[in-house]
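A.B. asks:
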Amino acid sequence: MLQGRLPSRVFRILKQAGELAERTSVSAFVVGGFVRDLLLGQPTLDLDLVIEGDGIAYARALARPAEAEVKAHDRFETAVIVFPDGFKLDVATARTEHYEYPTALPTVQRSSINEDLYRRDFTINTLAIRLNPGHFGELMDFYGGQRDLNKRTIRVLHSLSFVEDPTRVFRAIRFEQRFGFRLGTETLALIKGVGKIDLIHRLSGSRLSEELILLLSEEEPRKMIARLGALNLLHFVHPALKWSARLDVLLKAVPKVLDWYKRTSLNWADRKVSVAGASSGSPADLMDGWLVYFMALMEVIPSQAVGETLRRLKLSVRHAEKIRVSRDSSSKLLRRLARRPPLRPAEVYRVLVGLSDETLLFLMAKARSESVKRRVSAYLTTYRHVKPILTGTDLKTMGLKPGPIFKKILSQLLSARLNGEVQTKADERNLAKRIINAVTP
Ligand code: CTP
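Residue numbers are given in the working numbering: position 295 of the sequence shown equals residue 496, and the series is strictly consecutive.
#1: Taking the alpha-carbon positions, what's the valine 474 to tryptophan 444 distance?
#2: Which residues mark the beginning and the end of the alpha helix (DSSP H) in which glutamine 378 is found?
#3: Using a Cβ-Cβ cut-off of 7 Å (strictly less than) and excluding sequence neighbours within five positions of alanine 539, which residues of its own chain qualify?
#4: Look up glutamine 624 in the DSSP assignment and say whether it is helix, strand or coil.
#5: Using only the heavy atoms of ligand 1, determine whether one of them is closer than 7 Å to the beta carbon of aspartate 247.
#6: Measuring only from the beta carbon, is threonine 368 closer than 7 Å to any heavy atom that is part of ligand 1?
#7: Checking 8 Å against the spacing of the C-beta atoms, do leucine 391 and valine 357 come in under that value?
#8: Evaluate proline 503 with the Cβ neighbour count: other Cβ atoms within 10 Å of its Cβ, from every protein chain shown; 16 or more gives buried, anything less gives exposed.
#9: Measuring alpha carbon to alpha carbon, tell me which residue in Arg528, Leu207, Leu434, Trp491 is nearest glutamine 505.
#10: Any heavy atom of ligand 1 closer than 7 Å to the Cβ of asparagine 620?
#11: Determine the direct distance from the alpha carbon of histidine 274 to that of phenylalanine 337, and round the result to whole angstroms.
#12: Less than 8 Å separating the beta-carbons of alanine 293 and valine 251?
#13: With distances taken between CB atoms, is the gap from leucine 332 to phenylalanine 230 smaller than 8 Å?
#14: Could you tell me whether the segment 552-570 touches the segment 599-618, where touching means 3 or more Cβ pairs closer than 8 Å?
#15: Which runs of the alpha helix (DSSP H), 4 residues or longer, sit entirely within the segment 593-624?
#16: Going by alpha carbons, who is nearest to glycine 205 out of Glu365, Ser228, Met499, Gln243?
#17: Is DSSP giving lysine 272 helix, strand or coil here?
#18: Helix or strand or just coil, what does DSSP make of methionine 499?
#19: Can you tell me which of the three DSSP states tryptophan 469 falls into?
#20: In chain order, what residues of the same chain lie with their CB nearer than 6 Å to the CB of arginine 576, ignoring the 5 residues before and after it?
#21: Evaluate histidine 520 with the Cβ neighbour count: other Cβ atoms within 10 Å of its Cβ, from every protein chain shown; 16 or more gives buried, anything less gives exposed.
#22: Is the beta carbon of asparagine 326 within less than 7 Å of some heavy atom of ligand 1?
#23: When we look at the beta-carbon of glutamine 310 and count the other beta-carbons within 10 Å, is it buried (16 or more) or exposed?
#24: So, aspartate 238 versus aspartate 291, is the Cβ gap smaller than 8 Å?
#25: I'd like to check one pair, glutamine 613 with isoleucine 636: are the Cβ atoms closer than 8 Å?
#26: Might you give, ordered along the chain, the residues of its own chain that have their beta carbon closer than 6 Å to the beta carbon of proline 484, omitting 5 neighbours on each side?
#27: Do you know how far the Cα of valine 507 is from the Cα of glycine 234?
#28: Given this structure, state the Cα-to-Cα distance separating isoleucine 414 from arginine 372, to the nearest angstrom.
#29: As a quick exercise: from Glu298, Gln217, Ile314, Leu240, pick the residue whose alpha carbon is nearest that of glycine 254.
#30: Express the C-alpha separation of glycine 335 and threonine 386 in angstroms, rounding to a whole number.
#31: Hey, out of Arg375, Ile325, Leu435, whose CA is closest to threonine 354's CA?
#32: What does DSSP give as the partner residue(s) for lysine 289 in the beta ladder?
#33: Is it right to say valine 554 is buried, meaning 16 or more other beta carbons lie within 10 angstroms of its own, or is it exposed?
#34: Where do the ends of the alpha helix (DSSP H) carrying aspartate 349 lie?
#35: Assuming contact is defined by CB atoms lying nearer than 8 Å, are lysine 515 and glycine 406 in contact in what I supplied?
#36: To the nearest angstrom, how far is it from the Cα of alanine 305 to the Cα of lysine 609?
Below is the structure:
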């Protein structure tokens, strides 16, 4: 299966990993999500190796011939190998973790592969494949992972799993909805129990936001949020957050605008300047899709609760700022965009200039009127790339002294170009002269 389903390069790395393990008298396994996805027929290239022995020393030895870089974390005895072409491989020392108290950071001790796998979240993530020659490709299934994959069930290994790490509640729902599985009966009961006890204050905000971001980065976050809502678990994000018809409408609109954005941004990369004077497009990878979903969640809770959520989740200043702008101004912006008579392109530009792509996409998702949506999309794809042909240097050669007048002229030239009132450089020059004459006595 490994040979058939993996790119040959990845297969070779696994072979080499096994051979090195044998030479250095340790046992090597590829574990977790990689094995799960391989068995599901959806192989990923996210490789996690576990070594019975010194994982960091092993990672260094594996990296050396390939001249790959190793970043080691001594405290956890883990390392990441980064190959020269950017391919990454996580290596961990087989270990057990003891929690001094629920939700604490664990203390770590070396152990065997089966103990290592015992500390994982769900049975479907406990599968391992041996890599040492002679046993290469053997599936190790200590906790019924294969049975649960076949039964399409998400099941925890023990009853304290969610107490030790309540972020697993989000993970359970994420995997359940991603794969179209069901929560096992006991696991469901445990999750409902966690919903009732107040672990939230003991859970670090940054770990919670990591999981929430992962969830909102999935293909269909709406299904996951709906399920969290049905299980009364959205209060983990904020007590005021509840599933509602309004939230449902917003969450249905978000993937449509994200798809649109991805399609148009791809076009941008291929497309040369189409509007006279327009510069080329914006890089799609700078836009965080999860943030648009996050904006939708924040839209349905009171403004004060938004501040509390952002502080608690410790989102970066950059992300928090984008969310705050959307929450505080989206309604006002949409009202301005809907004004009658319809805004001209230059007015649309002035309303939207400076907003993040995420906020603009959120506006599109929230807008009920098609014409308002079109105004935002025209800004994203066209208006914001438009520039006057004349530059400050041209104005200087026209005999004008640099000063506030420059800004005024360039801004009026931009408006005229957006509104289609000037076409050529000569048109712009004439307009500039008219503005100069009007302001100079
Ligand atoms: N894990 C865990 N508890 C957590 C986070 C992770 O037990 N709160 C374990 C899981 O068993 C998982 C492994 O750590 O297999 C690696 O985590 P991650 O990379 O997040 O999991 P994947 O299963 O690879 O998830 P994805 O498919 O979303 O990448």
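Yeah, the Cβ is synthetic: ideal placement off N, Cα and C, and Gly gets one too.
C.D. replies: So, from the data block:
#1: With a pLDDT of 34 at valine 474, under the threshold of 50, the modelled position of that residue is not reliable, and no figure is offered here.
#2: 368-380
#3: Ser570, Val573
#4: coil
#5: yes
#6: yes
#7: yes
#8: exposed
#9: Arg528
#10: no
#11: 28 Å
#12: yes
#13: yes
#14: no
#15: 593-598, 605-619
#16: Gln243
#17: strand
#18: helix
#19: Reliability fails at tryptophan 469, whose pLDDT of 48 lies under 50, so the model's placement of it is uncertain and the value that follows must be treated cautiously. Helix, per DSSP.
#20: Leu538, Val549
#21: buried
#22: yes
#23: exposed
#24: no
#25: yes
#26: The predicted position of proline 484 is uncertain, since its pLDDT is 43 and thus under 50; a value taken from the coordinates is nonetheless stated next. Excluding positions up to five away in sequence, the list is empty.
#27: 34 Å
#28: 11 Å
#29: Ile314
#30: 39 Å
#31: Ile325
#32: Val283
#33: exposed
#34: 346-352
#35: yes
#36: 58 Å
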